[in-house]
Amino acid sequence: MNHGTTQSHPDVLHRHIDSREAQLAILGLGSVGLPLAHAFVAAGFDVLGYDIDGEKVARLERGDNTLHHLPEGFVADLVASGRFHATTDPERLSEVDVAIVCVPTPLDSERKPDLSCVRDAGRKLAAHTRPGVLVVLESTTWPGTTRGVLGDIFAERGRTAGVDVFLAYSPEREDPGRNVPASAIPKLVGGTCEQSKALALRLYSAAIEVVVPVSSAEVAESAKLLENVFRAVNIALVNELKVALAALKVDVWEVIDAASSKPFGFMRFTPGPGLGGHCLPIDPFYLTWIAREHGVATRLVELAGEISREMPKYVVDRAVAALSARGRDVSGARILVLGLAYKPEVDIVTESPSIRLIELLEDLGAACEYSDPYVPVAPTVPGHDIGQRRSLPLDADVVAGFDLVLVATDHKAFDWDMVARSARLVVDTRNALAGRLDGRAHYFKA
Ligand SMILES: NC(=O)c1ccc[n+]([C@@H]2O[C@H](COP(=O)([O-])OP(=O)(O)OC[C@H]3O[C@@H](n4cnc5c(N)ncnc54)[C@H](O)[C@@H]3O)[C@@H](O)[C@H]2O)c1
1086 MNHGTTQSHP DVLHRHIDSR EAQLAILGLG SVGLPLAHAF VAAGFDVLGY
1136 DIDGEKVARL ERGDNTLHHL PEGFVADLVA SGRFHATTDP ERLSEVDVAI
1186 VCVPTPLDSE RKPDLSCVRD AGRKLAAHTR PGVLVVLEST TWPGTTRGVL
1236 GDIFAERGRT AGVDVFLAYS PEREDPGRNV PASAIPKLVG GTCEQSKALA
1286 LRLYSAAIEV VVPVSSAEVA ESAKLLENVF RAVNIALVNE LKVALAALKV
1336 DVWEVIDAAS SKPFGFMRFT PGPGLGGHCL PIDPFYLTWI AREHGVATRL
1386 VELAGEISRE MPKYVVDRAV AALSARGRDV SGARILVLGL AYKPEVDIVT
1436 ESPSIRLIEL LEDLGAACEY SDPYVPVAPT VPGHDIGQRR SLPLDADVVA
1486 GFDLVLVATD HKAFDWDMVA RSARLVVDTR NALAGRLDGR AHYFKA
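Residue 1086 is where the sequence shown starts when you use this note's numbering, and the numbers rise one by one after that.
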């Protein structure tokens, strides 16, 4: 497409999307940005990936898979297509007609939304993109961010939304480890005006099988929060039920299986050691924060967060009780934590409860090791310190050498039969060994 500075009419961008002449940029090449780049390249677009992480960009340019859960050859194929390039140079954003922002939206030290990455990406776009660019935000955030935060950043540069920049929001529903291509996950699209909505619809319809338009960016932003809050609240509910039913000596897993036989009005959620990952421990607090700013309390959402944050402590109490039932004190006990990643088949340790479990157990004097085929070395995680320990290879001798095996993540790669045969004592937060050890005196669910 024309790379001058004069503004082209939105109709021209519509045509260039249809003809695949439109140049795309994706800002933030992580769990969300990379699969999206793949979907647009597969649809015939040229995609410029922009990231501030120079090491990651260099690896991507070499075709290295930077995320374990992506299929083998995922990035190599992307690079081999000749349609994907990665850069750390923001000036290259001047080349593009469409920019999609997939940068992190964490919480700050006071657990308030931290939009610094979104603002940074927005400032670079406002500084470098040409008039008439379509900018779509995909990062999860509070309703009003696209119009307010991004709109204001462009306005500071004298650029007006709906006139020389078109702003839209399309939430990401990527589920790492599920291995569903981004193109097969239905996508919501909401604009800050009719033109931006129409452009974003045209764009996503070119690469995504099902695109669902909604009336505004704020509806799309809110829908994403609803999806995540729904999961967070329901997981907190089954975790609360787990604690209550354990006191009654009823197996919550059997109860959930039983309730799941109802063909309507029930949806299966399973308990665990707490919430991990990007979405569930963090995103609900974008909603609670913005609601509070408007004088509204979101008590159920807050309570769900509280219950989930208490789960690692509950699991540790169960581990202490299990050790004690075998006449062993937690202090000095050798404990093997199975799984450092927050969920099966991924290498992501963000907010992983396993890390909290290790911290709590070591506070009580236990000596912990972990095994996780996807996390060979424990990375440094903000706010936590479990040192630079390495994953232990899992075999019968290793398992038998520990006083307690704590199942935190049920990776398929673990040899559960071997664990069941070799472990002296097991505390299982995932029901991974049910069927193999149910009813045995050295098997405890938590
Ligand atoms: N991971 C998921 O499963 C998932 C699912 C749905 C939505 N989301 C949301 O999508 C957003 C991105 O999440 P993610 O999991 O892809 O994060 P990620 O940490 O995997 O990747 C983010 C990338 O953005 C880069 N980055 C940071 N600041 C930048 C900047 N100013 N400019 C350019 N690049 C920058 C980082 O270097 C990193 O490579 C978040 O808002 C998250 O909540 C994530």
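Each residue gets a CB set at the ideal place from its N, CA and C atoms; glycine is no exception.
Residue i - containing alpha helix (DSSP H), residue span
i, result
"His-1554", "Nothing can be reported for residue 1554, as the shown portion of the chain is limited to 1086 through 1531."
"Pro-1366", "1364-1367"
"Arg-1419", "Looking at the DSSP string, Arg-1419 is not in any alpha helix (DSSP H); the run it does join, the beta strand (DSSP E), is 1419-1423."
"Gln-1280", "1279-1290"
"Ile-1443", "1438-1448"
"Leu-1477", "Element bounds for Leu-1477: n/a, residue is neither H nor E."
"Val-1492", "Taken as a continuous stretch (DSSP letters only), Val-1492 belongs to no alpha helix (DSSP H), being part of the beta strand (DSSP E) at 1489-1492."
"Leu-1119", "1118-1127"
"Lys-1197", "Segment: none, Lys-1197 is in no alpha helix (DSSP H) and carries neither H nor E."
"Glu-1140", "1139-1146"
"Val-1160", "1159-1165"
"Ser-1409", "1384-1410"
"Ile-1238", "1236-1241"
Exposure label - residue i; buried when at least 16 CB within 10 Å
i, result
"Leu-1423", "buried"
"Ala-1517", "buried"
"Thr-1190", "buried"
"Glu-1195", "exposed"
"Leu-1311", "exposed"
"Glu-1306", "buried"
"Thr-1230", "buried"
"Ser-1456", "buried"
"Ala-1515", "A small fix is needed here, since residue 1515 is Arg in this sequence, not Ala. By the 10 Å Cβ count, Arg-1515 comes out buried."
"Asp-1096", "exposed"
"Gly-1118", "buried"
"Ser-1300", "exposed"
"Thr-1465", "exposed"
"Lys-1141", "buried"
"Arg-1287", "buried"
First and last residue of the uninterrupted beta strand (DSSP E) at residue i
i, result
"Val-1483", "Premise fails: Val-1483 lies in the alpha helix (DSSP H), 1481-1485, not in any beta strand (DSSP E)."
"Ser-1456", "1452-1456"
"Gly-1361", "No beta strand (DSSP E) holds Gly-1361; DSSP gives it neither H nor E."
"Val-1220", "1218-1222"
"Val-1250", "1250-1254"
Rounded straight-line distance, which links the Cα of residue j to that of residue i
i, j, result
"Arg-1521", "Arg-1475", "28 Å"
"Ala-1321", "Thr-1245", "43 Å"
"Ala-1531", "Glu-1444", "17 Å"
"Val-1511", "Val-1490", "5 Å"
"Asn-1087", "His-1170", "Caution applies to Asn-1087, whose pLDDT of 44 falls short of 50 and renders its modelled position unreliable; the value that the coordinates give is listed next. Computed Cα separation, rounded: 19 Å."
"Gly-1243", "Trp-1338", "58 Å"
"Val-1460", "Ala-1426", "7 Å"
"Asp-1513", "Ala-1404", "9 Å"
"Leu-1388", "Lys-1428", "22 Å"
"Ala-1332", "Arg-1394", "20 Å"
"Lys-1347", "Phe-1354", "14 Å"
"Ile-1111", "Met-1503", "44 Å"
"Val-1430", "Thr-1494", "The residue asked about is misnamed: residue 1430 is Glu in this sequence, not Val. Between Glu-1430 and Thr-1494, the C-alpha separation is close to 9 Å."
"Ala-1526", "Ala-1410", "9 Å"
"Val-1304", "Tyr-1528", "47 Å"
"Val-1221", "Ala-1107", "14 Å"
"Phe-1351", "Asn-1319", "11 Å"
"Ile-1392", "Thr-1373", "16 Å"
"Gly-1129", "Arg-1105", "6 Å"
"Val-1400", "Leu-1442", "8 Å"
"Arg-1506", "Asp-1480", "11 Å"
"Asp-1249", "Gly-1357", "48 Å"
"Val-1314", "Asp-1482", "42 Å"
"Ile-1367", "Thr-1214", "31 Å"
"Glu-1176", "Leu-1163", "23 Å"
"Gly-1361", "Arg-1168", "34 Å"
"Arg-1144", "Leu-1330", "49 Å"
"Gly-1276", "Trp-1501", "49 Å"
Those residues which DSSP pairs with residue i across a bridge
i, result
"Tyr-1427", "BP columns for Tyr-1427 are empty, so no partner."
"Phe-1529", "Val-1512"
"Ile-1320", "Paired residue(s): none; Ile-1320 is not in a bridge."
"Val-1274", "Pro-1298"
"Ile-1111", "Gly-1134, Ile-1185"
"Ala-1246", "Val-1250"
"Val-1265", "Answer by DSSP bridge pairing: none, since Val-1265 is not bridged."
"Val-1462", "Arg-1475"
Any non-hydrogen atom of ligand 2 within 8 Å of residue i CB
i, result
"Arg-1258", "Absent from the structure shown: ligand 2. Ligands present: ligand 1."
C-beta neighbour in chain B for residue i, strict 9 Å
i, result
"Leu-1152", "Absent from the structure is chain B; it holds one protein chain and no more."
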